[in-house]
Amino acid sequence: MKFLLSFVLLGALGLVYGQLDRSIMPKPAPAPQIQIKPTETWTTANGITVILSENHKLPKVSFDLTLGSGATLEGEKAGLSELAGSLVMSGTSNRSKDQLDKEIDFLGASLSASASNVYLSVLTKHLDQGLSLMADVTKNASFPEDEFKRVSDQFRSGMVSLKSEAAGMAGNATVKVNFPQHPYGEVMTFTTLSAISLSDVKEFYRSHYTPQDAYLVIVGDINRVQAEKMINAYFGTWQGPKPVTAEYKDPVKSNGNQVYFVNKPGAVQSVIQVSFPIPMRMGNQDQLAMSVLNDVFGGSGFGTRLMQNLREDKAFTYGCYSGLNNQDLGGWISISGNFRNAVTDSAIQEILNELNRLLSETITTPELELTKAVKNGSFARSLERPQTIARFAYNISKYKFPEDYYRNYLQRLESIDAMELSRMAKTYIKSNNYNIVVVGNESVLDKIKAFDSDGKVTTLDEFGNIKLERTPSNFSTNEILENYLLAVTQSTSLANAQKKIKKVKNVLQRSELRSDKIPFPLQSYSLYTNKGVRADRIEFNGNVAQSKYYDGVSGYEKNMQTGKTVYDELKMKAEMLENALFPELLWLRPENARYLTLIGVEKENNKEYYVLQFSTGPQNESLHYYEKETFLKGKMVKTVLKMEESFSATTEYSDYRSVKGFMFPYQSLLNAGSMTFTQKIDEILVNGKVKVAEFQ
Amino acid sequence: MKHWLAILIATGCAISLRAQNKINYVEYDLANGIHVILHEEHATPIVAISVLYHVGSKNENPSRTGFAHFFEHLLFEGSENIERGEYSKLVEKNGGTLNANTSQDRTYYYEILPSNQLELGLWLESERMLHAKVENIGIETQRSVVKEEKRQRVDNQPYASFISEMFQRAFPKHPYRWVPIGSMEHLDAAQEKDYVQFYQDFYVPANATLSIAGDIPLEQTKKWIEMYFGSIPSGQAINLYRDQLALSDDAFKIKYGVAKSDVNAKNPKLGTNKAGNQLYAELSARPMVIPRTTKDNDPLKQTIEDTIYDNIQLPAVFMGYKIPDQKHPDAYALEFMNEILSGGNSSRINKNLVEKQQIATYASSFNYGLEDGGMNIFLALAKDMASLGSLKSAFDAQIEVIKNELITEEEYQSVLNKFEKQVIEANSSVAGIAESLADNHVYFGSAARVNQLLDLYRKVTRADIQRVAKTYLNNNARVILYYLPKEK
C-alpha cells in the first residue's frame with residue numbers, strides 16, 4: 070500500500086524512475102467521442118442516387134458506381150456476368166484498349182469495372198480526366214471481338230489452374246451446395262463459357278449498365294457543388310432501360326449433414342468449409358444480433374470460440390473463422406479453415422461440437438462483453454476510412470436500415486443480451502443440417518464419411534459439380550433395356566418376357582411410407598392395369614392426402630393443399646411413356662428411341678450401373694440406373710422444371726423379391742429436396758380383384 | 019484535335035510534384051537506447067502503437083531457421099504480469115486489434131486501440147520488451163500452429179516456394195538463403211536455451227524502435243513512454259534483470275559472481291548491497307553488442323537454371339537477378355524500371371506477354387529489396403501450350419529493349435504520377451504512418467524519408483533507368499526456375 074501511494078505521488082510529480090508497479094494494468098482515459106461525419110444524398114434526373122462523403126485530408130477522390138441490376142440465373146451461360154464485367158474495360162467507341170490503359174496509367178489512377186460496378190480512384194487534380202475515362206467505359210464500352218476471345222481464353226486458363234487452388238475449389242463447392250437453382254450457386258465451367266457469345270456480352274451490358282436505380286458513392290476531396298457539376302457533365306445525358314432484377318427464394322436446408330469432397334492430389338492440408346444457408350438478407354433486422362453471435366463463435370480476432378479451441382488449445386490450424394454473409398438475394402454462414410490431413414476428422418468434429426454448443430448453451434457474460442468490445446473497437450477504427458461513412462449512407466438508402474442505425478449503432482450493440490443471442494441461434498442454426506465441404510488429399514476420404522447423415526460422401530469436381538466416374542458402356546441402349554426386362558420377368562428370351570407381361574391384368578401394391586419429418590406413417594396404394602390405368606393414393610389416418618389417376622385418355626393429380634390439377638398434353642405423354650409397369654418395354658419401340666441417351670457406366674458405392682437418360686424435353690428428364698451384375702434397376706433420378714426452377718427426386722430401389730415370377734423392389738428410398746421417405750411394401754397383388762373406381 | 023494526354027505532357031502540368039500532406043512527427047532516444055517516433059493527429063480517436071525489433075530471419079542460427087518468426091508467435095504468450103493467453107484478449111477486450119509479422123530483416127508488433135487506451139498499449143509492449151514469459155505448453159502449441167501456417171501459406175499454395183528456391187541459389191553464403199518461415203525440423207530441434215539466447219540477444223532496448231501515430235496527447239505520451247519504457251534496464255543490465263528472474267541461485271552466482279539476492283534489478287535505486295549495485299551499474303553502462311549480418315552485393319558468377327516440380331496446373335517461369343540492398347541509390351531507379359515493365363495494364367510486360375502474344379495468363383516483374391541485398395524477379399504463368407522457353411525469350415526481348423533504349427517521356431511521367439498517388443495513399447491510416455516512420459528510421463537511418471520519397475523518385479532520370487537495367491539485368495548471371503506440374 071505504501072508502495073502504491075509513493076507511486077501515485079511520484080507519478081504526479083513526473084518522477085517515475087523505477088517506481089512503476091507493472092502488475093497494475095493501466096486504466097483507460099475517458100472514452101473519446103465517436104463522431105460520424107455527415108454525408109449528403111440526392112438523386113439525379115436520370116435516376117442515380119448520389120452519396121457524397123466529403124473528406125479533405127488527402128488530395129484524392131473516389132467515384133464508386135453500383136448499378137441497379139441484380140444477379141439473375143444464367144443457367145447454361147453461367148459466368149456471363151463475370152465475363153461481361155471483365156470486358157467492360159476492353160475499349161470504348163472512343164478509345165482502343167491500349168489507349169484506355171495508357172491514359173489510366175498516366176493519371177496514376179485506378180479504374181476498374183465489373184458486372185455491377187465501376188470504380189475510379191484518382192488524385193483531385195486529375196479528377197476531370199479520370200471521370201471522362203470512367204464515363205466512357207460506363208456508357209460506350211465497345212467489346213471488340215479479339216478482346217472477347219482473349220479474355221475468354223484467360224478464363225479458360227484460370228479454370229485449368231483452379232485444380233491447384235484449394236480455397237477456390239472449396240468456395241465453388243460451398244456456393245453450389247448451398248444455393249441450388251439460385252444465382253449465388255452458379256459457377257462458370259468450360260461448357261458454360263463456350264456457350265457465351267459476344268452478342269450475349271453486349272446484350273448484358275446494354276441491359277445492365279443503366280443509370281436507373283444506380284448508386285454513385287463519392288468519397289474524398291470534393292464538395293457538393295463540384296460533385297454536382299461533375300456528375301452533370303459526365304453522366305447527365307446517360308440514359309438506359311429499367312435495370313434487370315429477379316426474385317429468388319431463400320434456400321432451405323433440411324436433409325441432414327451432407328459431406329462433399331473435392332480431391333486435391335498431394336495436398337498437405339484439408340480446406341474445410343462447414344456451411345448452411347440462412348434466410349437473412351442484407352438489411353434484416355436480426356443482422357446485428359446475428360453478427361454478435363457469429364463474432365463470439367468465430368468472427369475475427371484470437372479470442373473467439375473457434376480460434377481458442379482449434380488454434381490455441383488444439384493447434385489444429387493457423388486460423389479458423391466463421392463468416393456471416395448477408396447479401397441482396399440470400400444469406401449463409403460458412404466456417405472455414407485449413408487443417409493438416411491427420412486432424413481433418415477431429416477438426417470437423419470440433420467445429421460441429423462448437424456449432425451444437427451454440428444451441429445448447431447460453432453465451433457467457435465474459436464472451437458477450439469481449440465480443441461487444443471487439444465490435445465497438447472495430448466500429449471506431451473503421452471510421453478512419455471515409456469510405457466507411459459513405460457505406461453507412463449507402464446501406465441506409467439501399468437496404469432500408471433505420472435512419473439512425475449507425476448513429477445509434479453502439480447503443481444497439483450494447484442492448485444485445487444473451488437471451489437475444491439464444492433466439493438467434495435457435496432461429497437460424499438448424500442442428501446437424503450442415504454442408505461439409507472438404508478439399509484435400511484422398512487419404513482423408515474414409516475419415517470424413519462418418520459425418521454424412523447417410524454415410525455417403527459426394528465427390529465434386531473443381532467447379533462444385535458432382536463428379537461422376539463414368540466409363541463407356543459395352544452394351545447398347547436396347548441391349549440394356551432387354552437385359553432389364555429379362556431380369557425383372559425372370560425370362561431367358563425377350564419373346565418370353567413380352568408374353569409374360571401381356572398376361573398381367575393388374576398389379577396392386579400396398580405399402581407404408583415413413584419420413585423423419587412426419588410423426589406417423591402414411592399408407593400408399595398403387596395400381597396398374599392392362600387397360601392403361603395407373604393410379605396412386607396416399608392416405609394418412611384414413612384420409613386421402615394425395616392421389617393420381619391416369620387412364621391413357623385423361624389424367625389428373627389431387628392434393629389436399631392445392632386441389633385438382635388436370636394433366637396437360639406434355640404430362641399425358643410423360644405418363645404414358647414413363648409410368649407403365651415396365652416402361653422399358655415401351656422404350657424398346659423404335660419410335661421412342663429418340664427419347665433415350667446412353668450415358669455410360671457409373672460407379673457408386675462400389676457398385677457399377679448402366680445409366681440411361683430418358684428425356685422428352687428439358688422440363689422432363691430422368692436417369693435410370695441398372696445394376697451391372699443383375700440388370701435390376703438400382704436407382705432413378707427424375708428432374709422436373711417448375712416455374713423456372715428445377716427439382717430433382719431420387720428413388721433408390723432395394724430388397725428385390727419375386728412375386729408371381731416378377732421381381733419387385735420391396736424397399737425404396739425417396740429423396741426429394743429436403744424430404745426423405747422410406748417406402749416398404751406390405752403386399753403386392755398380381756391379377757387380384759381390384760376396384761378401379763376406388764382410385765378415381 | 020490534340021489529345022488531353024499530349025497537352026498535359028507538353029505543358030508539364032501533370033508533374034507538379036510538390037510534397038503534399040507532410041507527415042509531422044517528433045523523434046528522440048530514451049537513455050536505454052529505445053528510439054521513439056511520435057506522430058500526432060486527431061482526425062479519428064484511435065492510436066497505433068508499434069515496436070519494431072531489428073531482428074529477422076537473417077539473424078538466425080543456420081541450424082535454427084524459422085526461429086525469429088516462431089519467437090514472434092511466442093511473444094503473444096504472456097509476461098511476468100500478463101497471464102498466458104491474456105495478451106491478445108486484453109487488447110480485444112478494450113476495443114483494439116493487434117498482430118505482428120516477421121521478415122528477413124525485422125519483427126514488427128502493433129496494436130491499434132481507441133485513443134483513451136494508449137497507456138494500456140504502452141504497458142503491453144513494455145511488458146513484452148522487459149520480461150516476456152514463455153511456458154512449455156505455449157511452445158508446443160505455437161510450434162504446431164506455425165507448422166499449419168507453413169502448410170497453409172507455402173506447402174499448399176501453388177508456386178509459393180519460389181522465393182525460397184530463388185534466394186537459396188542467389189545467396190548461397192548469406193542467411194537470405196532461407197526464408198522467414200524456415201525449416202520445421204529446426205523448430206522441432208529448438209530448446210529452451212535457444213529462446214533465452216534469442217530474447218537476450220535481440221529483444222533489448224537498443225534494438226527497438228517505438229513508433230506511435232494517432233490521437234495522442236503528445237506531452238503526456240512522452241511521460242508515459244518514460245515511465246513504461248524508460249524504466250527498462252539499459253545496456254547489459256536488461257539481461258541481468260532477466261537472469262535474476264529465470265536462473266537458479268547457483269547458476270546466477272556462477273554467471274555473475276554475486277548472489278541473486280545481492281542485486282535489486284527490479285528497483286536498482288533501492289538496492290542496498292554494494293557489490294550488487296556496482297554490478298548493476300557496470301552492466302547498465304556496458305552496451306549490448308547486437309550481432310549483425312553483412313551486406314551481400316556480390317554478383318552471381320553464372321546463370322543457374324533448375325526445374326521445380328510442384329502441385330500446379332500451369333507451368334511457370336521465374337527469373338531472378340541480384341540487385342543491391344534497398345538503401346543503395348540505384349534502388350529508386352530499379353523500382354522505376356519495374357513500374358515501366360509491369361506496373362498497370364499499359365506496362366510493357368502485360369501488353370506484350372499477356373495481351374499481344376498471349377503466351378502468359380499472368381506476367382510481372384518486381385523488386386524484392388532487402389537490407390543486405392535483393393533480387394529483381396520476373397515471373398510468368400504459361401497460357402495453354404505456350405512453352406516456358408517462349409516466355410523466357412519474351413522477357414529477354416523486353417529486357418533488351420529497356421537496356422538499349424531510353425524509356426519515353428510519357429512513360430516516365432506516367433510512373434511519377436503513379437508514385438505520387440501511392441505516396442499520398444500510404445499516409446491514409448495511422449497504422450500505416452507508424453509503420454512507415456519506423457521502417458524509414460531503421461532501414462534508411464531517417465524517419466524524414468517519408469516526406470522525401472517523392473523527391474527521391476523525381477531525381478531518377480531516364481538515363482538512370484537504362485543504366486540500372488544494363489548494370490543489373492545481366493543475362494549471364496541470373497537464376498532461372500522452371501515450374502512444372504508434378505507427375506501424378
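Going line by line, the protein sequences match chains A and B.
Be aware that the first sequence starts at 70, since it is given in this note's numbering, and climbs by one per residue.
Be aware that the second sequence starts at 19, since it is given in this note's numbering, and climbs by one per residue.
Ideal Cβ placement from N, Cα and C applies to all residues, glycine included.
For clarity, every value in this text was computed on a predicted model and none was experimentally measured.
- Against chain A, the CB of G200/B has no partner CB under 8 angstroms away; the residue lies outside that interface.
- For M147/B, no beta strand (DSSP E) segment is defined; the enclosing uninterrupted segment is the alpha helix (DSSP H) at 136-149.
- Taken atom to atom, the span from the alpha-carbon of I243/B to that of E453/A is near 25 angstroms.
- Measuring C-alpha to C-alpha distances from Y664/A to each of V670/A, L655/A, E671/A identifies L655/A as the nearest.
- Comparing C-alpha distances from L657/A to each of A643/A, I549/A, E143/A shows the shortest one belongs to I549/A.
- Beta-bridge pairing by DSSP links Q338/A to R409/A.
- Sequence-distant Cβ neighbours of M349/A in its own chain, meaning closer than 7 angstroms and more than five residues away, are D355, Q356, M359, N395, G400, Y497.
- By the neighbour-count definition (other C-beta atoms within 10 Å, threshold 16), L359/B is a buried residue.
- Within the same chain, and ignoring the five residues on either side of T719/A in sequence, the residues whose Cβ sits closer than 6 angstroms to its Cβ are V706, N740.
- Runs of the alpha helix (DSSP H) spanning 4 or more residues and lying entirely within the region 161-241 of chain A occur at 166-176, 196-209, 214-230, in chain order.
- Interface annotation, D174/A: in contact with chain B, CB-CB separation under 8 angstroms.
- In the DSSP annotation of this structure, the continuous segment of the beta strand (DSSP E) that includes G392/B starts and ends at 392-400.
- A Cβ of chain B is located within less than 8 angstroms of the beta carbon of F371/A.
- The DSSP-derived three-state label of F185/B is helix.
- When DSSP states are grouped into helix, strand and coil, L318/B belongs to the coil group.
- In the three-state reduction of the DSSP assignment, F336/B falls in the strand class.
- Against chain B, the beta carbon of R219/A has neighbours under 8 angstroms at E373, Q376, listed in chain order.
- A direct Cα-Cα distance of roughly 15 angstroms separates A303/B from S249/B.
- With contacts defined by Cβ atoms closer than 8 angstroms, G757/A and Q559/A do not form a contacting pair.
- With contacts defined as CB atoms closer than 8 angstroms, L502/B and Y380/B fail to qualify as a contacting pair.
- Comparing C-alpha distances from V313/A to each of G289/A, S150/A, S562/A shows the shortest one belongs to S150/A.
- Taking C-beta separations shorter than 7 angstroms and ignoring five residues to either side along the sequence, the partners of A487/A in its chain run T431, I432, L437, following chain order.
- Along the region 662-691 of chain A, none of the residues has a CB nearer than 9 angstroms to a CB of chain B.
- C-alpha of A239/A to C-alpha of Q342/A: approximately 7 angstroms in a straight line.
- Within the region 268-353 of chain A, the complete alpha helix (DSSP H) segments at least 4 residues long are 293-304, listed from N- to C-terminus.
- Under the three-state reduction of DSSP, E430/A is assigned to coil, being neither helix nor strand.
- Not a single CB atom of chain B sits nearer than 8 angstroms to the CB of V187/A.
- With contacts defined by Cβ atoms closer than 8 angstroms, L646/A and V576/A do not form a contacting pair.
- Assignment of R726/A by DSSP, reduced to helix, strand and coil, places it in the strand class.
- Just so you know, the alpha carbons of G294/B and A255/B end up roughly 11 angstroms apart.
- Separation of the CB atoms of Y177/B and I330/B is rounded to 6 angstroms, and the pair is thereby assigned contact status at 8 angstroms.
- In the DSSP assignment, F384/B falls within the unbroken beta strand (DSSP E) covering 378-387.
- In this structure, the beta-carbon distance from S405/A to Y387/A does not fall below 8 angstroms.
- Nearest neighbour of G114/B by Cα position, chosen from K477/B, L455/B, A449/B, N494/B, turns out to be A449/B.
- Contacts with chain B at 8 angstroms (Cβ-Cβ) do not include A153/A.
- Assigned with DSSP and collapsed to three states, N445/B falls in coil, not helix or strand.
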